[in-house]
Every structure is written in C-alpha cells, then in structure tokens.
Amino acid sequence: MKRILILCLPLALLAGCLEVDQHPNWVHGMYAGKKDDRPFLRHFHNDKLSWWGTISNRNMNQNEYNRANP
Numbered sequence: 005m006k007r008i009l010i011l012c013l014p015l016a017l018l019a020g021c022l023e024v025d026q027h028p029n030w031v032h033g034m035y036a037g038k039k040d041d042r043p044f045l046r047h048f049h050n051d052k053l054s055w056w057g058t059i060s061n062r063n064m065n066q067n068e069y070n071r072a073n074p
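Set out below in structure tokens:
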C-alpha cells in the first residue's frame, strides 16, 4: 500500500501542470485582442433591421405549430 502511494504521489503533483492560461492580454487597462465583428456588420452591411428580420424568419420556421398547418 505504501509503495502505491509513493508511485502515485508524483502523478498527483503533476496533475495541474498542463493548465494553459486562458485569459486575454490586457495593455494599459484595455483589451489588446482582435475586435469581434457583429453578425449584422459582416453579413448584412450594418443593417440591423434586415438581420433581425432574418433571425425572426428562421425562428418562425423552427416552430412546429407554424410549419404543420393543421
């Protein structure tokens, strides 16, 4: 039993060593990464109303009560 504990001790000590730091870089209190584009900026040329219309139509098509036509 003592031998198993001695063999497992280095494994337990090294278990957290492969943790990678996942925090963004900050320079002078500001985020130094790439600015993320909003979906309406990239695909709809900054037209929010068109983007919301597309999202609403997609959501209506996912509703089984609207698609079934009883």
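Position 47, counted from 1, in the sequence shown is what the numbering used here calls 51; the numbers after and before it change by one each time, with no gaps. Glycine included, C-beta positions come from ideal geometry on N, C-alpha and C.
Separation of residue j from residue i, as counted between CA atoms
| i | j | result |
| --- | --- | --- |
| D25 | C12 | 26 Å |
| M5 | H27 | 41 Å |
| D40 | R46 | 10 Å |
| T58 | H49 | 14 Å |
| E68 | W55 | 23 Å |
| L9 | A16 | 10 Å |
Bridge-paired residues (DSSP) for residue i
| i | result |
| --- | --- |
| K69 | In the sequence as displayed, the identity of residue 69 is Tyr instead of Lys. Y69 pairs with nothing; no bridge assigned. |
| W30 | Y35 |
Cβ pair residue i, residue j closer than 8 Å
| i | j | result |
| --- | --- | --- |
| F44 | K52 | yes |
| N29 | A19 | no |
Where residue i sits in the DSSP three-state scheme
| i | result |
| --- | --- |
| M5 | coil |
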